[in-house]
Amino acid sequence: MKKPPTLNISWALSAALCFWFLFLHAPVFLFRKDHIEPLLYAHLVGVYAVYLACVHNAIITPSLFGGAAKPFHVWGGRIGLVFGVVGFVLGFYLTWFVYDPMEDSTFSIAITIGGLSQMQAEFCGYRSIQRYKATKLLIEQGGYDSGDGGTREKLFALEDELDRHLTDHVKWMLNLFVMACGIPAIIRLAEMIGTASIFPLIATTYCLGLGMERPIRARIQRKRAMERGLDYGEEAELAAANK
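Offset between the sequence shown (1-based) and our numbering: plus 818.
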């Protein structure tokens, strides 16, 4: 069995940041509060669900175990996206209408930017996978065969479009994982080790996302090359030419 392409140091560090924030930092932070708004618990359910779904789906890819992992990836993603929206809406309301946003204005602004980034990543990632499904259905139904010749070229063009939608989905979902969901954790980590570390931490986190995205992108291109009887280098050149 092939290991998941994302099973690397980038995933391990991103998952470690998630587990530290959710299970080590957050419980202690909440325990020290004199009063906890009931809505905060509902917000945290959304936060925990979407962040853990990202950790899960980044490693449990649809092709894992010969495709047997696909339902777990699909349903993990759906649950994460729904709870992510709930978490964002409640978090925004709590930050700006329940708590005093000026008490910790830097955190309030940063957490809101993170939430908006989360919504962008969720929307774009969902849109990409829907476009992927539509293109895949078109190929399966023979939508590339118009009867006027050039069938092979049209099929290849649709396959390239299919792969672009899939890589876009991967890119946005990994952005959701390491950047959008990771921003609150990064802020709290920076507060502990020094606020000057915030930008290096963000840059490092961005690189972690690339460290997971690139192996997946390479596997998609390699798989397409094998189907077409090309070597990986030729397929990469074709994909770049068709962008």
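The C-beta atom is built at its ideal place from N, Cα and C for all residues, glycine as well.
Rounded to the nearest angstrom, what separates G884 and V903 at their Cα positions? Rounded to the nearest angstrom, the two C-alpha atoms are 31 Å apart.
Which residue from A844, A1043, L984 puts its Cα closest to that of S946? It is L984.
Measuring alpha carbon to alpha carbon, tell me which of L908, L842, L825, A1008 ends up nearest P856. It is L908.
Just to confirm my understanding: we take G894, look at its own chain, exclude 5 residues before and 5 after, and list those with CB closer than 6 Å. What are they? Within the same chain, G894 has close Cβ partners A871, H874, N875.
Exposed or buried, which one is E1045 when buried takes at least 16 other CB atoms within 10 Å? Exposure of E1045 is indicated by the presence of fewer than 16 other C-beta atoms within 10 angstroms of its C-beta.
Suppose you measure from the CA of L1026 to the CA of I1020; what does that come to, to the nearest Å? If you draw a straight line from the Cα of L1026 to the Cα of I1020, it is about 10 Å long.
Return the residue from the list L955, L858, K1041, S1015 that minimises the CA-CA distance to F915. Here the closest residue by C-alpha is L858.
Euclidean distance between Cα positions of T1013 and T924: The alpha-carbon atoms of T1013 and T924 are separated by roughly 11 Å.
Pull up the CB-CB distance for L956 and L976, whole angstroms please, since I reckon it's below 8 Å. With a Cβ gap of about 6 Å, L956 and L976 count as contacting.
Do A1036 and N776 have their beta-carbon atoms positioned less than 9 Å apart in this structure? Given a span of 819 to 1061 for the chain in the structure shown, any question on residue 776 remains unanswerable.
Just verifying my parser: in three-state terms, what is the DSSP assignment at P919? Reduced to three states, the DSSP call for P919 is coil.
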